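Residue numbers (this note's numbering), protein chains in the order written: chain L, 34 to 524; chain P, 34 to 524.
From the three backbone atoms N, C-alpha and C, an ideal C-beta is built for every residue, glycine too.
Quantities reported herein were computed from a predicted structural model and do not represent experimental measurements.
2 protein chains.
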Amino acid sequence: MAKVSVSIPQGTRDFGPDVVRKRNYIFNTIKTVFELYGFQPLETPAMENLDTLMGKYGEEGDKLIFRVLDSGNPFSNEFLKVFVKLIEIEKNRLGFAPSIDIFSFLQVDEHLNNLINSDPFKKYYLNRIKNEVSGKALKYDLTIPFARYVAMNYGKLSFPFKRYQIQPVWRADRPQKGRYREFYQCDADIVGSTSLLNEVELANIYATVFEKLGIKVEIKINSRKILTALAEICGGADKMLDITIAIDKLDKIGLEKVKEELLQKGLTKDQIIVIEKYLSIEGSNEEKLLQIKNIIGNNESGSKGTSELEYILNFPLTTHRSPLTIDFTLARGLNYYTGIIFEVKAKDVQMGSIGGGGRYDDLTGLFGVPNIPGVGISFGVDRIYDVMEELKLFPEQVHTGTQVLFFNFGDVESKAAFNIMHQLRTNNVRCELYHEPAKFDKQFKYAEKKNIPFAVIMGSKEIEEKNCVVKDLRIGGQQTISLNDLLNYKF
Amino acid sequence: MAKVSVSIPQGTRDFGPDVVRKRNYIFNTIKTVFELYGFQPLETPAMENLDTLMGKYGEEGDKLIFRVLDSGNPFSNEFLKVFVKLIEIEKNRLGFAPSIDIFSFLQVDEHLNNLINSDPFKKYYLNRIKNEVSGKALKYDLTIPFARYVAMNYGKLSFPFKRYQIQPVWRADRPQKGRYREFYQCDADIVGSTSLLNEVELANIYATVFEKLGIKVEIKINSRKILTALAEICGGADKMLDITIAIDKLDKIGLEKVKEELLQKGLTKDQIIVIEKYLSIEGSNEEKLLQIKNIIGNNESGSKGTSELEYILNFPLTTHRSPLTIDFTLARGLNYYTGIIFEVKAKDVQMGSIGGGGRYDDLTGLFGVPNIPGVGISFGVDRIYDVMEELKLFPEQVHTGTQVLFFNFGDVESKAAFNIMHQLRTNNVRCELYHEPAKFDKQFKYAEKKNIPFAVIMGSKEIEEKNCVVKDLRIGGQQTISLNDLLNYKF
Numbered sequence: 034m035a036k037v038s039v040s041i042p043q044g045t046r047d048f049g050p051d052v053v054r055k056r057n058y059i060f061n062t063i064k065t066v067f068e069l070y071g072f073q074p075l076e077t078p079a080m081e082n083l084d085t086l087m088g089k090y091g092e093e094g095d096k097l098i099f100r101v102l103d104s105g106n107p108f109s110n111e112f113l114k115v116f117v118k119l120i121e122i123e124k125n126r127l128g129f130a131p132s133i134d135i136f137s138f139l140q141v142d143e144h145l146n147n148l149i150n151s152d153p154f155k156k157y158y159l160n161r162i163k164n165e166v167s168g169k170a171l172k173y174d175l176t177i178p179f180a181r182y183v184a185m186n187y188g189k190l191s192f193p194f195k196r197y198q199i200q201p202v203w204r205a206d207r208p209q210k211g212r213y214r215e216f217y218q219c220d221a222d223i224v225g226s227t228s229l230l231n232e233v234e235l236a237n238i239y240a241t242v243f244e245k246l247g248i249k250v251e252i253k254i255n256s257r258k259i260l261t262a263l264a265e266i267c268g269g270a271d272k273m274l275d276i277t278i279a280i281d282k283l284d285k286i287g288l289e290k291v292k293e294e295l296l297q298k299g300l301t302k303d304q305i306i307v308i309e310k311y312l313s314i315e316g317s318n319e320e321k322l323l324q325i326k327n328i329i330g331n332n333e334s335g336s337k338g339t340s341e342l343e344y345i346l347n348f349p350l351t352t353h354r355s356p357l358t359i360d361f362t363l364a365r366g367l368n369y370y371t372g373i374i375f376e377v378k379a380k381d382v383q384m385g386s387i388g389g390g391g392r393y394d395d396l397t398g399l400f401g402v403p404n405i406p407g408v409g410i411s412f413g414v415d416r417i418y419d420v421m422e423e424l425k426l427f428p429e430q431v432h433t434g435t436q437v438l439f440f441n442f443g444d445v446e447s448k449a450a451f452n453i454m455h456q457l458r459t460n461n462v463r464c465e466l467y468h469e470p471a472k473f474d475k476q477f478k479y480a481e482k483k484n485i486p487f488a489v490i491m492g493s494k495e496i497e498e499k500n501c502v503v504k505d506l507r508i509g510g511q512q513t514i515s516l517n518d519l520l521n522y523k524f
Numbered sequence: 034m035a036k037v038s039v040s041i042p043q044g045t046r047d048f049g050p051d052v053v054r055k056r057n058y059i060f061n062t063i064k065t066v067f068e069l070y071g072f073q074p075l076e077t078p079a080m081e082n083l084d085t086l087m088g089k090y091g092e093e094g095d096k097l098i099f100r101v102l103d104s105g106n107p108f109s110n111e112f113l114k115v116f117v118k119l120i121e122i123e124k125n126r127l128g129f130a131p132s133i134d135i136f137s138f139l140q141v142d143e144h145l146n147n148l149i150n151s152d153p154f155k156k157y158y159l160n161r162i163k164n165e166v167s168g169k170a171l172k173y174d175l176t177i178p179f180a181r182y183v184a185m186n187y188g189k190l191s192f193p194f195k196r197y198q199i200q201p202v203w204r205a206d207r208p209q210k211g212r213y214r215e216f217y218q219c220d221a222d223i224v225g226s227t228s229l230l231n232e233v234e235l236a237n238i239y240a241t242v243f244e245k246l247g248i249k250v251e252i253k254i255n256s257r258k259i260l261t262a263l264a265e266i267c268g269g270a271d272k273m274l275d276i277t278i279a280i281d282k283l284d285k286i287g288l289e290k291v292k293e294e295l296l297q298k299g300l301t302k303d304q305i306i307v308i309e310k311y312l313s314i315e316g317s318n319e320e321k322l323l324q325i326k327n328i329i330g331n332n333e334s335g336s337k338g339t340s341e342l343e344y345i346l347n348f349p350l351t352t353h354r355s356p357l358t359i360d361f362t363l364a365r366g367l368n369y370y371t372g373i374i375f376e377v378k379a380k381d382v383q384m385g386s387i388g389g390g391g392r393y394d395d396l397t398g399l400f401g402v403p404n405i406p407g408v409g410i411s412f413g414v415d416r417i418y419d420v421m422e423e424l425k426l427f428p429e430q431v432h433t434g435t436q437v438l439f440f441n442f443g444d445v446e447s448k449a450a451f452n453i454m455h456q457l458r459t460n461n462v463r464c465e466l467y468h469e470p471a472k473f474d475k476q477f478k479y480a481e482k483k484n485i486p487f488a489v490i491m492g493s494k495e496i497e498e499k500n501c502v503v504k505d506l507r508i509g510g511q512q513t514i515s516l517n518d519l520l521n522y523k524f
């Protein structure tokens, strides 16, 4: 058999033991906090029907959906019928079965997709085959499958429904540093409630999780309602999209370019002066709120937005003072948010946002169940991992798998070791016996490579004397203790 | 927008909160035991290169592999070139762009696959397109990705390498009761060691896990070496496959049919008498070993097999007597096993095997790294779940998410509740506040539906008196306690 080249698909990763343990440390911390706040776990399949996903992520998003072929044989009968027919025609035209190099004779326009899209007949064929070939796809995020789940189980769920979900998603994006084709998302959402208490709880969850992980963060908060007010004041509600897009770029392109873009979009100089004033709001949360009220005046949407911000900021939070910072330049891109929006940044390290979320009016409407409002947050686990690596925040014990290695001295000693190990394992000590009676060096090396902190030496002499030698492999000391003491040893 | 029909792909499942908690109880129990025995976690991507998977599971298995299209657009340029060309030809032939109903005019042989396979030209086209369209697939099991991982990281790993892996796999099988297209596998393997201590540990892991889960099991053990010996005695080593296949069916078709099948495969009556004698071996493990020795005599493979069985059975195990039962009728289907094989059956319930495994000689050889022997076991999580449901073995606390619901009496009371809840959460009590000041009935119903065992009533009167009412919603009692006592209450 030919040697297979060994690799994994671009943009995917294997997670070895040390990385899994560190990732699980993050997942378990987040999960524990979600549960302390009454959120319940949900898991949805990796595959969704193509219909469920298509059209939900914009044109660019749709292109990044990984389709799954319908069965082991990727071609349906419908496809094969067309295909066989066309091959027959080609054979008849040529008068012979075309050579295997026929591909090289095919001269087709370079802009193949354009060509196809410009011919409705070809387009129809392709679409028909596309649908025949693939009716399923890998999920692109956790939000749409969650909305689909809520719509499907509407009658059975009790609302408000608070769920968390920690699962992988897939995107056919161009892989690059920090961007993967398979990665975990980590979401908590409450649907079926308009109460601002939900926003308060979610802000608390952010504060608690990052405190537990040891990451100092800034939790930014804004309201889409205030952005709506700004648009209404500066050119009308139909400018909301243009203004949001421009503001969202502020970090990347700077104020001058944002102003240029707004000018191009048809805003007047006076309107741009207002936006510039908006973007330059500074100070404490209280000072910012005073300034925003000057700008938006009595605008209804704006007043709602500011009073919601005030309500949340005045709530007693984990630290007994709000961990939230108003940031009116926060826009959260082009998504379905309609109320409060959040974004989290790590303080001591250069990194994009490590969390974000907000309130949406109607997500399940896409699946025929309208008027279920919700609010949710998400943790960017890959970035949180990178932050913790960079700041060396993973606790020592996360690196330890096996705690004790019993050295192997032969058959009789192995049996004695097994007996002791059984008792240690009952006491939740993770231990193992080296698999064969090898040289000391080899057994030490195994412990070292596997980062095992303790070794137990129990040869025939020790067994006879009912004791053993415990070696601390990190600091190098050793002591002889009775087997009874071994069972209560603090590894 | 048209209403989308809401469903999930055939053979996949959503897992709601209660099911996730029960499944996690099983996963965590198994995981904890794996770690007590020194196994380390590994995670591999959902997608593997098609090359990695194809040809590893037999012809039938290959057909069940879910292929993933290479990008958001399922058709490569190569495919489109051929396609556009063929459409052009069809247009020219007809003299017009065919109507949208062209599919109905196509009259093609019913046995389409046969037709295509019988024409090398068509077959070539299809294969070419298949490979263009899809170079990736969803993993079919955890064993091949593990072998691929070991081969890829050979230089970096320290051997013996003990890993466990708990992840979903996908098979395009026809869905039916208890058979899914997406399901979890749960494996532990040791590679790089021929020591029988590994088999002993794996048998112990089975015994420990099922004891912890409360499932009474029979752990069956046999050796492929003994089956080899039997084949050598009855018609030669080339009959191994026929004999194994026939024996594997014993449970389903009974002894007489097995004998018939062996006769058809060319075994003599004398040979079949030996096999019948083999299959009827009964008694204690010791008695069975005596009888097998009579049958296989001095056969080298057989002697190795029996002495390996004896070694494992004589080892001190968790229960201080072996939990293992020799079952010479155990064959474990058609796979790569070469030594000891295991299978686990639940005792008090009608169910197929809930675990299985065995020793293999060379798995990574498929990926260019030969001579790495290994041994592994697997847990059938879906069946274990069904057994536990049927026997009501899930512990009470598995059903509890939130422990305490604070009733909502309005804004002031909410803030007081938040403060108390923050302290309770610091003590790891899972609690939540009802999202709005609704009628008592509604708040009770929420607690009931969510299976929350305790409610805390803290209205303005209670806040003033610095106490609260704790209601036990399961048994119906209630008591008034101070807020200080609440913080130490045993929920």
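- With fewer than 16 other CB atoms across the displayed protein chains lying within 10 angstroms of its CB, SER313 of chain P is exposed.
- By the CB criterion at 8 Å, PHE439 of chain L and TYR467 of chain L fall inside the cutoff.
- Within the segment 52-73 of chain P, contact with chain L at the beta-carbon level (separation under 7 Å) is assigned to VAL53, ARG54, GLU68, LEU69, TYR70, GLY71 and GLN73.
- Taken in chain order, the complete alpha helix (DSSP H) segments of 4 or more residues contained in the segment 440-494 of chain P are 444-459 and 473-482.
- Boundaries of the alpha helix (DSSP H) around ARG54 of chain L: 50-69.
- DSSP links ASN82 of chain L through a beta bridge to L:LYS169.
- Taking a Cβ-Cβ cut-off of 7 Å, the neighbours of ASN231 of chain L in chain P comprise HIS468, given in sequence order.
- Partner residues in the beta bridge of GLY391 of chain P, as assigned by DSSP, are P:ILE374 and P:GLY409.
- Under DSSP, ASP222 of chain P shares a beta bridge with P:ARG196 and P:GLY409.
- For THR358 of chain P, the enclosing beta strand (DSSP E) has its first and last residue at 357-359.
- Here GLU251 of chain P carries a strand assignment [DSSP, helix/strand/coil].
- Among the residues facing chain P, PHE524 of chain L is not included, as its CB has no counterpart in that chain under 8 Å away.
- With respect to the 8 Å criterion, SER228 of chain P and GLY372 of chain P are not classified as neighbours on the basis of their beta carbons.
- Collapsing the DSSP output to three states places GLU422 of chain P in a helix.
- For THR77 of chain L, same chain residues with a beta-carbon under 8 Å away, outside a window of 5 residues either side, are LYS172, LEU175, PRO178, PHE179, ARG181, TYR182, GLN198 and GLN200 in chain order.
- Closest in alpha carbon position to LEU230 of chain L, among L:VAL408, L:ASN57, L:GLN511 and L:LYS249, is L:VAL408.
- Look at the segment 175-205 of chain P: the residues with a C-beta under 8 Å from a C-beta of chain L are ARG181, TYR182, ALA184, MET185, ASN186, SER191, PRO193, LYS195, ARG196, PRO201, TRP203 and ALA205.
- Residue burial is scored here from C-beta neighbours: ALA221 of chain L has at least 16 other C-beta atoms within 10 angstroms and is therefore classed as buried.
- Contact between the segment 379-387 of chain L and the segment 290-305 of chain L is absent: fewer than 3 CB-CB pairs across the two stretches fall below 8 Å.
- The continuous stretches of beta strand (DSSP E) do not include ILE306 of chain L, which lies in the alpha helix (DSSP H) extending over residues 302-312.
- Sequence-distant partners of PRO470 of chain L (beyond 5 residues in either direction) whose C-beta falls short of 7 Å from its own C-beta, in its chain, are ASN441, PHE442 and GLY443.
- Chain P places a beta carbon closer than 8 Å to that of ALA79 of chain L, counting this residue as a contact.
- For PRO486 of chain P, no CB of chain L lies under 8 Å from its own CB, so it is not counted at the interface with that chain.
- Residue state for ASN500 of chain L is assigned as strand, using DSSP reduced to three classes.
- Interface flag for SER386 of chain L against chain P is unset, since no Cβ pair is found closer than 8 Å.
- DSSP, reduced to helix, strand and coil, places PHE524 of chain P outside both helices and strands of the structure shown, so it counts as coil.
- Inter-residue distance for LEU322 of chain P and LEU346 of chain P is about 11 Å (C-alpha atoms, whole angstroms).
- Using a CB distance cut-off of 8 Å, SER493 of chain L does not count as an interface residue toward chain P.
- Closer than 8 Å to the CB of PHE99 of chain P there is at least one CB belonging to chain L.
- Here the C-alpha atom of CYS219 of chain L lies approximately 58 Å from the C-alpha atom of ASN332 of chain P.
- The DSSP-derived three-state label of LEU438 of chain L is strand.
- Within the same chain, and ignoring the five residues on either side of GLN324 of chain L in sequence, the residues whose Cβ sits closer than 7 Å to its Cβ are ILE314.
- Excluding five sequence positions before and after GLU423 of chain P, the CB atoms of its chain that fall closer than 7 Å to its own CB belong to VAL382, given in chain order.
- Taken through DSSP and simplified to helix, strand or coil, ILE514 of chain P comes out as strand.
- For the segment 287-299 of chain P, there are no residues whose beta carbon sits under 9 Å from a beta carbon of chain L.
- Inter-segment contact for the segment 235-244 of chain L and the segment 397-416 of chain L is present: three or more beta-carbon pairs are separated by less than 8 Å.
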